[in-house]
Structure formats: structure tokens, C-alpha cells
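Residue numbers (our numbering): 444 to 548.
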């Protein structure tokens with residue numbers, strides 16, 4: 444059975460239909476290296492290489508610097524996780540009051 448991870452990018456910024464978040468607090472939004480290291484640690488904790496994950500859905504309502512840092516960390520893990528799950532970025536659509544999916548690379 445494949446697993447799907449549903450996670451928010453930044454907690455307490457907007458309402459999201461998830462309980463888990465990559466960041467609960469960002470004290471230094473311009474610390475790109477620190478943000479990327481945090482994202483890398485979150486990815487490592489998921490054990491994607493040892494489990495059957497089919498998708499990771501990230502609700503991106505939050506800081507742009509956090510999103511770009513997460514995407515850098517995600518892309519830097521390609522060699523370590525050759526059969527990575529599909530990464531979907533879910534953006535809030537104000538017109539429809541729902542989330543719209545954007546597939547990452």
C-alpha cells in the first residue's frame with residue numbers, strides 16, 4: 444500500500460486542511476541556508492527511501508523563502524531517493540475557496 448504525505452509549509456499563517464507542518468515557526472526568514480537545512484532535515488525524517496510513498500502534498504500558504512528552500516532541499520535529494528514520490532504543491536485559490544495543485548518537476 445502506498446502512502447501519501449499531506450503537510451503544510453508553515454504553521455499558523457493561514458487555515459489549512461492538515462495537522463502537520465514542515466515549519467511551526469520561522470524566526471529568520473532570510474536565513475536561506477538555515478531554512479534549506481531545516482527542510483532537508485524534515486525530508487530525511489520522512490524516510491522516503493525506506494517506505495512506499497506515492498505522493499507528498501505540500502500546502503504552500505506561507506513564506507516564499509521557505510518554499511524555495513524546501514524545493515532546493517527536495518531537488519538536492521534526487522540521488523539519494525531515486526524513486527521519490529510525486530511532489531504536489533497546493534496553492535489556495537481565492538476564487539474557488541479551494542486548493543489548486545501544481546506538480547513539481
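Heads up, the beta-carbon is just placed ideally off N, CA and C, and yes, glycines get one too.
Check                                                                                                                                     : Outcome
Work out the CA separation of residue 471 and residue 540 for me, nearest whole Å.                                                        : 30 Å
What first and last residue would you give for the beta strand (DSSP E) that runs through residue 533?                                    : 529-536
By a C-beta neighbour count over all protein chains shown, 10 Å radius and 16 as the cutoff for buried, is residue 500 buried or exposed? : buried
Can you tell which of 502, 530, 510, 534 has the C-alpha that lies nearest to the C-alpha of residue 461?                                 : 502
Which class does residue 512 belong to by DSSP, given the choice of helix, strand or coil?                                                : helix
Any contact of the stretch 512-530 with the stretch 475-489, i.e. 3+ C-beta pairs under 8 Å?                                              : yes
Assuming residue 446 and residue 497 make a contact with CB atoms under 8 Å, what is their CB distance in whole Å?                        : 7 Å
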